[in-house]
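Residue numbers (this note's numbering): 389 to 655. Note that beta-carbon positions come from the ideal geometry of N, C-alpha and C, so glycine has one too. Note that the structure is predicted; figures quoted are calculated from it, not measured.
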């Protein structure tokens, strides 16, 4: 049974996706295997490892962030890699970004270490199955989309160099899911101090993240926080991912404590 939050995000995803990406969203949302993987990934993350949300809500938020930024790049005249390489269309990039975002953390169901590689292993057959349904007679198109989606999944931890704009969007979109609700459950369950608690407490300080058109670049990201500990989340998580992303030249990044002037990181 999906939570009200998941159902609300499903509706937003269907509104945000167009063309084949909307069909892909419908398939991902309805797929029992995907749902089971996402839910168990969250069980392992929160209950076994005491980490932040890495489940259905998080992956849906990352998908929304990624689609939003893809639209902003297009509006700013920036071509994604599939289109720039002549291997696909903007619509194909939407499918790749959506699938990568929706499945990027399913490897947490195995454990934290190398979870991006485990995510790619688990997601690969699902992506292939869905792409065959979307493009039954277009093998080359399916392969290009799948490879870009898998690059996004494998590269989302900023531990290896990625080269496509689509994969770069997954990096940034993942880093942008840092609002306080993501750490609420593990903080409630935690009774003893543990290594890594700074990630929960810094995320708990973030009150809002917005992604809008920039003044000088296509994408502007604004982070608002209640306490300055939130700058840890910006500088040690989001900025590290932005710095590894091919999308970096197209991003303006600002962060501020409520009632104080913002810090400009990019743009």
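A check of alpha carbon separations from residue 499 across 621, 419, 437 and 547 identifies 437 as the nearest. Counting the other Cβ atoms within 10 Å of the Cβ of residue 528 gives fewer than 16, which makes it exposed. In the structure shown, the three-state DSSP call for residue 478 is helix.
Residue pairing by DSSP places residue 596 opposite 612 in a beta bridge.
Residue 512 and residue 645 have their C-alpha atoms roughly 41 Å apart. Each residue's CA atom was taken as its position, placing residue 592 and residue 516 some 37 Å apart. Under DSSP, residue 644 shares a beta bridge with 612. Annotation for residue 401: the continuous alpha helix (DSSP H) segment containing it runs 392-404. Nearest in C-alpha terms to residue 562, of all of 633, 408, 461 and 483, is 633. Annotation for residue 652: no alpha helix (DSSP H) segment contains it, though the beta strand (DSSP E) segment containing it runs 651-654.
Of the candidates 550, 545, 450 and 565, 565 places its Cα closest to the Cα of residue 595. Per the coordinates, the alpha-carbon of residue 534 lies some 34 Å from the alpha-carbon of residue 643. Collapsing the DSSP output to three states places residue 601 in a strand. The stretch 435-473 contains, as complete alpha helix (DSSP H) runs of 4+ residues, the segments 444-463 and 469-472 (chain order). Here the stretch 389-400 makes no contact with the stretch 454-468; the two share fewer than three CB pairs at distances below 8 Å.
Taking each of 432, 441 and 485 in turn and checking the Cα distance to residue 410, the smallest one comes out for 485.
In its chain, beyond the 5 residues on either side, 589, 590 and 593 have a beta carbon closer than 7 Å to the beta carbon of residue 617. By the C-beta criterion, the stretch 420-439 is judged to be in contact with the stretch 487-496, since at least 3 inter-stretch pairs fall below 8 Å. The three-state reading of DSSP puts residue 639 in strand, counting E and B together.
In the displayed model, residue 607 falls within a strand according to three-state DSSP. Judged by DSSP secondary structure, residue 503 falls within the alpha helix (DSSP H) whose first and last residues are 503-522. An exposed status is given to residue 396, since fewer than 16 other beta-carbon atoms sit within 10 Å of its beta-carbon. In the DSSP annotation of this structure, the continuous segment of the alpha helix (DSSP H) that includes residue 555 starts and ends at 553-563. Straight across, the Cα-Cα distance linking residue 467 with residue 479 is about 11 Å.
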